[in-house]
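Trainee: Under the UniProt record's numbering, the first residue of the sequence shown carries the number 1, and numbering increases by one thereafter.
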Amino acid sequence: MNTFATTISPDSFLNIGSVSPVYFPASTYRVQLNHTFTFKDLQAQIPYLSQLGISTIYAAPITTSSKDSAHGYDVTDFTAINPQIGTLEQLKELSAVLKQHNMSWVQDIVPNHMCFSTENIRLMDVLERGNHSSYYRFFDINWEHPDSLGKLIIPTLGTDIDAAIESGDIHVAFTDTGFSLMYFETGYPISITAYPVLISLLENKHIHEDFVREIKTYLDQAATASFEAFKKFKTEFSEKIKNDDNYSLEAEWLTKKCNKDKHILKALVLQQYYSLVHWKTSDSKMNYRRFFTINNLICLRMEEESVFNEYHSLTAYLYKENIIQGVRVDHIDGLYDPKQYLQRLRNLLGEHCYIIAEKILEYNEDFAKDWNIEGTSGYEFLSFTNRVLTDQQGAEEIRSEYFDFIQRHEHYDDMVYEKKHTFLYDHMQGELDNLMTLINQLHVLPAGTDQKVFRKSLAVFMAAFPIYRIYPDRLPLIPEAFKIVETAYNIAIQHEPTLKATLHIIKNLFEYDEEQCDQKLTFIRKLMQFTGPLAAKGVEDTTFYIYNPLISHNEVGDAPCELGISIDSFHDKMLSRLANNPYSLNATSTHDTKRGEDARMRINVLSHLQTEWKVLLHQWHQENNGFIQHINDQPAPSLNDEYFIYQSLIGAFPENMLVTDEFITRTKNFVVKALKEAKVHTNYTQANDTYEHACTEFISSVLDSGHAFLKTFVPFVEKAIKYGAAYSLAQTIIKITAPGIPDIYQGSELWDISYVDPDNRRPVDYSFRKDLLAKIQSMENDRTKLLNFISQNRFIGAEKLFATWQLLELRNDLQDVFLFGTYTPVSVTSETGKKVIAYVRSYQNKHVLVIIPVGFEVAGETYSQRSWKDMIAQLPDGLPDKWMNVFTAETYPILKSITVAAACKTFPVAVFKSVQ
């Protein structure tokens, strides 16, 4: 059992040494709840997670989302629990079970967007009632768009509107929700502006007056009733029509009349509060803000207090009822004013609530100091750890070999700019035009500014923006923010020097102007809502699938341009983390990572095996040359994609070395997604099936047991797995003991070698994990037997599971050390150049010493006295001299220093706690 960082009652939160009244998790365990893993399923796993030492469930969104949603970010009703996950009563029962285990709950919420779906009844209310709907300004829709005045653009058709009408793909029907405009099986409510067309047809036919009267009453209600009242009336109206034979016949006649006469149907279509257009229109024209460029996710005007209050009503209830104790805010960068939003959230939930935000920080970017929250969801930690567990020199040799292999040399920063700029013009021209409309409405441009040149310059500036966004709440900007603007300006000039004068106008928009500060701020804030999505799509979802020297660094929060950092640099980052955001999560795998945390470690090992990798890379290329097809005289897969496939296979290859049909299928699905994201040979809008098929056939061929490739690939992967296991263990130790709160993605207490989503959302085998943990814990009092067992079962992840359990228990016992303690780097002297990450965590008279050798097994060495006797960890002054090794349970003195050989003689890493 475990004791955690808080008594769960919100009236009695942890207050160690009067440091802070905020509730803090000791650790989090991310779970993906959906129709395949419900509240009841999770409840069954709580005893296991408690035994593992987890303090807090960290749940994906649980509000109602689109039917069978795998992830829950496509919210359709923010006021209700997703019925496919469970009920509110079941959630309360689950909460009670958590409290019995001294556990708590952090809930992921999605304030930026909702699903654009007929299941979204508030959005459908807008489509039907237009400005009579109380949700008319709820969604981020530009109703004054010059090309669609008063109409919401819905990019859903597979052809143009006339062709869809003529073919009958668009037709009128009477459904459970009333008169609807159908596109195939999707029904949009007929807007009240179109009902005069229907009434005119009925009156001309001299239909029964009662039916016409019912429709007119419906119109009166639509124009005046509240959302809830109209929802009820709408249901009653539909039931009345269905249950009355005469009314049903008249409704049927009316729909047939509309569908038979295409002129009537066209007139009806044109009277809607929405405009159905070809789905590709969204690349060039949009009047609602999307999440990234996903048409079926519509953003909200969360800056409006009324929107904020209604949207968070369920969240507030769950917190008030002590069902949840914290929240994680999804996509904070999408909001118009993140600082204002977070302050409102803090005011709503109170000072005790643990609040973090999903914020992707660049390597040298700091967490916003004026956000009144506890921290981030931890992508920056992933980057720091991933880099320190990569050999810098070996990685640079791999980069050089990569350029030789693909037969071209590309600069990463130039590629990022080019991909962002291309993506903007290919898929976000509508957003760019909307920014142009806004800036003209605000009248902040100098007289005579050339519109076409300014639009071109704005696109260049957006592509050149070096981070996701800044957070202006006043002018002049804080120096750090303006420095980012100047950097973007300078990068833009480097790429388009002829636009310097206009780019200077853009830079001036970020400068103080006594007369136009409000107008400038309005434009800057709106602009920042699009620089983030552009960065995500141009970098994470494009460049990260093209620039491939060491793909373990093509990761959210990380970057493949900097392959590795020194241990001293890592210590600097941890000290900064302790000072600035010590309560952020320490994430290593998430639902958004490109590959599992242990797959990354395997690939990182290539930085130590660079010579062997180089030889085998060329050997494999020659062996597999016969499987490479040629399309228009170009290889398929290309050299770059072939290289990417080999590294991907190293990261994800099964530990038992068995190539199953399931693994081949998973790999093919992943590679096709990667090819589409890269947008070089194929993409989502213009699929190149021939190229995709050539690549999947290549995968089938090279993984055929009868081919020579596996004869050399399998031994190399076995080596990568062995050495990668040491890195994975190091990563786990750092995650749980360094500044921050450890976050474990579902199932990754054992090996996580998954591909990108949806592969990383596959069901977790909890029975296997539960049984393995029970076996490990049964040997707790016989450490010799236990350590021998986990060594023998290292290939299934027993070592990682053991270390996770032991260190989570340590955190639970020494909460104050890890939450509020200092971080002191430990100097390690060495004559051989071997590397060791070592540090001490201290709070008052409690201390934890961590010693992690890095890369030792790659040289084929063990912790013998011969090979490690020169490695000495020099402890800081003022520490006690009696310590217990957490993994071996041995207690012995450490006076001022300890050799790595002594510290790690029976386990690959060492964590000591001071003994009173």
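All C-beta atoms, glycine included, are put in the ideal place defined by N, C-alpha and C.
1. Is it buried or exposed, residue 918, if we count other Cβ atoms within 10 angstroms and call 16 or more buried?
2. I think ASP333 touches ARG469, with their Cβ atoms under 8 Å apart; what is that distance to the nearest whole Å?
3. Does the segment 524-533 come within contact of the segment 459-477, defined as at least 3 CB pairs closer than 8 Å?
4. Can you name the residues that DSSP bridges to PRO189?
5. If I follow the unbroken beta strand (DSSP E) through ILE46, where does it start and stop?
6. At which residues does the alpha helix (DSSP H) containing PRO825 begin and terminate?
7. Going by DSSP, what residue range makes up the beta strand (DSSP E) through GLY326?
8. By Cβ distance, which residues of its chain are closer than 8 Å to LEU349, with the 5 residues on each side in sequence left out?
9. Taking C-beta to C-beta, are LYS800 and TRP751 nearer than 8 Å?
10. Give me whichever residues DSSP pairs with ALA357 in a beta bridge.
11. Which residues does DSSP list as the beta-bridge partners of ASP743?
12. Rounded to whole angstroms, what is the Cα-Cα separation between ASN580 and ILE741?
13. Going by the CB atoms, is the gap between ALA873 and SER897 shorter than 8 Å?
14. What three-state label does DSSP hand CYS258 in the structure shown?
15. So, does the segment 476-485 touch the segment 451-459, judging by three or more C-beta pairs under 8 Å?
16. Pick from PRO635, ALA652, SER552, PRO83: whose alpha carbon is nearest that of ASN604?
17. Assign ASN15 to buried or exposed, taking buried as 16 or more other Cβ atoms, counted over all protein chains shown, within 10 Å of its Cβ.
18. CB-CB under 6 Å to VAL388, same chain, minus the five flanking residues each way: which ones, in chain order?
19. By DSSP's criteria, ALA873 is part of a beta bridge. Which residues make up the other side?
20. Can you name the residues that DSSP bridges to LEU157?
21. Classify ALA708 as helix, strand or coil using the three-state DSSP reduction.
22. Work out the CA separation of GLU410 and GLY150 for me, nearest whole Å.
23. Using a 10 Å radius around the Cβ and a threshold of 16 neighbouring Cβ atoms, would you call ARG408 buried or exposed?
24. Taking a contact to mean a Cβ-Cβ separation below 8 Å, would you say PHE184 touches ASP169 in this structure?
25. Report the rounded CA-to-CA distance for SER914 versus LEU787, giving the unit in angstroms.
26. With H, G and I counted as helix, E and B as strand and the rest as coil, what does DSSP make of LEU527?
27. Taking the C-alpha atoms as reference points, what is the distance between HIS427 and GLU418?
28. In its own chain, which residues sit with a C-beta less than 7 Å from the C-beta of ASN586, not counting the 5 before and 5 after it?
29. Where does ILE470 sit, in a helix, a strand or coil, going by DSSP?
30. Enumerate in chain order the residues of its own chain whose CB-to-CB distance from ALA222 is below 8 Å, with the five nearest sequence positions on each side excluded.
31. Could you tell me the alpha carbon to alpha carbon distance between ARG666 and GLY797, rounded to whole angstroms?
32. Determine the DSSP secondary structure at TRP105, reduced to helix, strand or coil.
33. If you reduce the DSSP assignment to three classes, tell me which class SER914 lands in.
34. When the Cβ atoms of the segment 27-38 are set against those of the segment 79-88, are three or more pairs found closer than 8 Å?
35. Between the alpha carbons of PHE308 and PHE78, how many angstroms are there, rounded?
36. Using a threshold of 8 Å, state whether the C-beta atoms of ILE505 and PRO446 are closer than that.
Mentor: Reading it off the structure:
1. With the chain running from 1 to 916 in the structure shown, residue 918 is simply not present.
2. 5 Å
3. Yes, the segment 524-533 is in contact with the segment 459-477.
4. Answer is SER180, bridged to PRO189.
5. That residue, ILE46, is in no beta strand (DSSP E); its alpha helix (DSSP H) goes 39-52.
6. Where PRO825 is concerned, there is no enclosing alpha helix (DSSP H), although the beta strand (DSSP E) it sits in stretches over 822-825.
7. 326-329
8. THR315, ALA316, TYR319, VAL327, ILE355
9. yes
10. VAL329, THR376
11. THR28
12. 14 Å
13. yes
14. Residue state, collapsed to three classes: helix.
15. no
16. The shortest CA-to-CA distance from ASN604 to any of PRO635, ALA652, SER552, PRO83 is the one to SER552.
17. Bear in mind that a pLDDT of 32 at ASN15, under 50, signals an unreliable position, so the number given afterwards is only what the model happens to contain. By the 10 Å Cβ count, ASN15 comes out exposed.
18. ILE565, PHE570
19. In DSSP, ALA873 forms a bridge with VAL828, ILE898.
20. HIS278
21. coil
22. 47 Å
23. exposed
24. Their beta carbons are under 8 Å apart, which means PHE184 touches ASP169 by this criterion.
25. 22 Å
26. Reduced to three states, the DSSP call for LEU527 is helix.
27. 14 Å
28. GLY378, PHE381, LYS735, ALA738, GLY740, ILE741, PRO742, ASP743
29. coil
30. GLU128, ARG129, HIS132, ILE192, PHE230
31. 21 Å
32. strand
33. strand
34. Yes, the segment 27-38 is in contact with the segment 79-88.
35. 11 Å
36. For the pair ILE505 and PRO446, the CB atoms are nearer than the 8 Å cut-off.
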